[in-house]
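Enquirer: Every position in the sequence shown, counted from 1, becomes a number in the working numbering once 862 is added.
All C-beta atoms in this analysis are idealised placements derived from N, C-alpha and C, irrespective of residue type, glycine included.
If you're wondering where the values come from, they're calculated on a predicted model, not measured in any experiment.
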Amino acid sequence: MPTTVSSRSPEALLSFTTTTATSLLPCSSNKLNNKRKQQQQQQYKSNNTKIIVEHLPPLDEFIATVFKRSKLSPCVCLVSLIYLSRLKTSLPSHARGDIDTPYRLFLAAILTASKFLSETGTCLTSQAVVVMTDHVYTHQDVNLMERSFLGLIKYNLFVNVEAIRDYLDIHGKTLEMDLVEQEVLDQL
863 MPTTVSSRSP EALLSFTTTT ATSLLPCSSN KLNNKRKQQQ QQQYKSNNTK IIVEHLPPLD
923 EFIATVFKRS KLSPCVCLVS LIYLSRLKTS LPSHARGDID TPYRLFLAAI LTASKFLSET
983 GTCLTSQAVV VMTDHVYTHQ DVNLMERSFL GLIKYNLFVN VEAIRDYLDI HGKTLEMDLV
1043 EQEVLDQL
């Protein structure tokens, strides 16, 4: 029987996604390390991008903006959270990130989940992500994020209903999400 995911609270999903993205690995708190900062500033200058990493909005605002602009289904959001969970379990204990790492991992997860779940070619594209994020990241940045993310999760993309059910058993109350059988939807 076909199933879908229902979200009762976009705010709960936003809060949970933000917390998940920030808890994946330790990241530098306020500033990029000098070498990385110089590299990124040089990269952004060469791409004529006005916004650099230091000008990113708070992560919750960034995620809220992407959610609003992308109009992602609750199912895509949930699958991206499952991917982030898989990532967390596969990272070595010594893994560290820069201040923008949660932003990058979030974007890579939603882009990958959107593509995995797309049946009609209406998935997110790297170019759409660039526009949705006000060109904070370039097309090349987003492609690199996606490729790196896929490698980190070892291309473990398949998510079945049982995996969704298991995830919701653990986090469903906090997320305020439910797995809804299609028959129930038909009766509404």
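(1) Going by beta carbon distance, what residues of the same chain come within less than 8 Å of residue 1042, once the five residues before and after it are set aside?
(2) Could you check whether residue 1007 and residue 932 sit closer than 8 Å to each other, using their CB atoms as the reference points?
(3) Please look up how many angstroms separate the CB atoms of residue 968 and residue 925, rounded, as I've assumed it's under 8 Å.
(4) Please report how far the alpha carbon of residue 908 lies from the alpha carbon of residue 998, in whole angstroms.
(5) Output the distance between the C-alpha atoms of residue 1018 and residue 962, rounded to the nearest integer angstrom.
(6) Below 8 Å between beta carbons: does that hold for residue 1011 and residue 970?
(7) Considering just the uninterrupted stretch of the beta strand (DSSP E) at residue 865, what are its terminal residues?
(8) Could you name the residues of the same chain whose beta carbon sits closer than 6 Å to that of residue 874, not counting the 5 residues immediately before and after it, in chain order?
(9) Looking at the structure shown, is residue 1019 part of a helix, part of a strand, or coil, going by DSSP?
(10) Residue 1040 lies in the beta strand (DSSP E); which residues open and close that run?
(11) Does the beta-carbon of residue 881 have 16 or more other beta-carbons within 10 angstroms, so that it is buried, or is it exposed?
(12) Go through its chain and collect everything with a Cβ distance to residue 944's Cβ below 7 Å, but skip five positions before and after it.
(13) Is it true that the CB of residue 886 sits closer than 8 Å to the CB of residue 946?
(14) Apart from the five residues on each side of it in sequence, which residues of its chain come closer than 8 Å, Cβ to Cβ, to residue 1014?
(15) So, for residue 977: in the same chain, excluding its five sequence neighbours on each side, which residues have a beta-carbon less than 8 Å away from its beta-carbon?
(16) Given a threshold of 16 other Cβ atoms within 10 Å of its Cβ, counted over all protein chains shown, does residue 958 qualify as buried or as exposed?
(17) Quick one: residues in its chain with C-beta nearer than 7 Å to the C-beta of residue 992, no 5 flanking neighbours on either side, listed in chain order?
(18) Per DSSP, what are the beta-bridge partners of residue 937 in this structure?
(19) Please determine, among 927, 889, 928, the residue with the shortest C-alpha to C-alpha distance to residue 956.
(20) Which residues does DSSP list as the beta-bridge partners of residue 889?
Expert: Once the coordinates are examined:
(1) 865, 866, 867, 868
(2) no
(3) 6 Å
(4) Bear in mind that the predicted position of residue 908 carries a pLDDT of just 37, short of 50, making it unreliable; the figure below should be weighed with that in mind. Each residue's alpha carbon lies about 14 Å from the other.
(5) 24 Å
(6) yes
(7) 865-869
(8) 1037, 1038
(9) coil
(10) 1039-1043
(11) exposed
(12) 1021, 1025, 1029
(13) yes
(14) 949, 952, 953
(15) 985, 986
(16) exposed
(17) 999, 1000, 1001, 1004
(18) DSSP lists no partner for residue 937.
(19) 889
(20) 959
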